Each structure stands twice: as structure tokens, then as C-alpha cells.
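Here is the structure we will look at, set down as C-alpha cells.
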Amino acid sequence: MLNFAKVFIFRHFSTSSDNGKLHPWFVTGLSDAESCFNISISKSSKKSKLGWVVQARFIIELHKKDLALLREVQTFFGCGAQGIGTITTTAKVARFSIVGLNDIINFVLPHFSNFPLQSEKLIDFELWRACVLIMANKGHLTLEGLKQIFSLKSADQGKGAHSIMDYQKL
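In the numbering used here, the protein residues as written are 6 to 175.
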């Protein structure tokens with residue numbers, strides 16, 4: 006018969022650093038497996054003089070039974086018990102998202118610079134990071150910066166809702 010107390014202790018020690026927080030390499034490994042680095046580009050006639058709105062997101066999505074782990078990740082990325090970002094749930098899924106540009110710049114980018122991803126997801130991160138840095142310098146509000154973001158997004162293995170046709174219309 007499985008001793009759940011031993012399983013819990015093993016899990017706790019395998020994911021935690023000495024100070025009780027999640028170990029940074031654990032967060033990187035979890036992100037390698039379960040996260041995405043998303044750049045959303047939406048048409049908008051009201052919010053932007055160029056007609057496009059750009060938003061960066063860092064997302065980790067797990068089964069709802071792992072909600073407590075997502076709360077630990079949220080705390081890891083911020084100060085205090087709540088941390089930064091938001092957690093949403095559906096019947097089966099729990100999702101942790103960081104969308105605030107300042108939070109991404111101050112917490113997400115430094116983490117993955119110090120504890121880099123080990124899988125092919127590193128390429129996705131580097132393309133996403135380049136877009137975030139353009140946004141940090143307000144480049145997404147210019148035609149040239151928006152074109153750079155479209156180009157980087159299309160280089161991300163063809164992912165995303167907008168095609169090269171959208172880019173060529175700029």
C-alpha cells in the first residue's frame with residue numbers, strides 16, 4: 006500500500022529550495038513542459054493609432070488538481086503570499102498567467118535569463134523576449150516596431166492567428 010505521507014514529503018523536498026520556496030530550476034523545468042510564451046496581436050480601431058494591439062503573456066496550464074502548485078508558482082514570481090499574475094480555473098484546467106509588461110520584464114525575463122530553459126522551448130522564449138523588449142521600448146506603437154513583432158511572431162514556427170498576409174498589409 007502507498008504511504009501518502011512519504012509521497013508528500015518526497016514531492017515537497019523535490020520541488021522546494023532551502024527557504025521553502027519552489028526551487029528556480031523546478032520552475033524552469035515545469036515551464037519547459039507546461040508553459041507557453043505568447044504574443045497576441047489583435048486588430049483594434051480604438052486602442053491604437055496603427056489599428057493593432059500587442060500583448061505579451063506567460064502562461065502555465067495544468068490540471069485543476071494541481072492548483073496548489075500554480076499558487077506556489079505565483080508566489081515564486083512575486084512578493085508575499087499572492088505574488089503576481091492571475092490564476093483562472095475551469096472544470097478541469099488551472100491556468101496561471103502573467104500579462105503585465107512590467108511584471109514580465111521584472112520577474113519573468115530575469116528568471117529565464119538566470120535559469121534558462123533546456124528544451125526547444127528556449128527558441129520560443131528568445132523570440133518572445135525579443136518582442137517583449139520591443140514593447141518595453143514602446144516599439145509596438147510604431148509601424149517599424151509592429152513589423153518587427155510580426156516578423157518575430159511568424160518566425161515562431163508559424164504559430165499564431167495572423168498570417169503573413171496581415172503583416173504585408175502594414
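Even glycine gets a Cβ: it sits at the ideal position worked out from N, Cα and C. Every value quoted in this text rests on a predicted model; they were computed, and no experiment measured them.
Following a CB-centred definition, is residue 115 positioned closer than 7 Å to any heavy atom of the ligand MN? Absence of the ligand MN from the depicted structure is noted, as is the absence of any ligand whatsoever, leaving it without description.
So for residue 153, helix, strand or coil by DSSP? Looking at residue 153 - three-state DSSP - the assignment turns out to be helix.
Near residue 30, which residues of its chain fall below 7 Å by C-beta distance, leaving aside the five closest residues on each side in sequence? Excluding positions up to five away in sequence, the list reads 120.
DSSP three-state assignment for residue 73, whether helix, strand or coil: helix
Between the alpha carbons of residue 51 and residue 131, how many angstroms are there, rounded? 30 Å
Measure the alpha-carbon distance for residue 126 versus residue 139 and round it to whole angstroms. 20 Å
What's the C-alpha gap between residue 76 and residue 47? 29 Å
Would you kindly work out how many angstroms separate the C-alpha atoms of residue 152 and residue 61, rounded to a whole number? 16 Å
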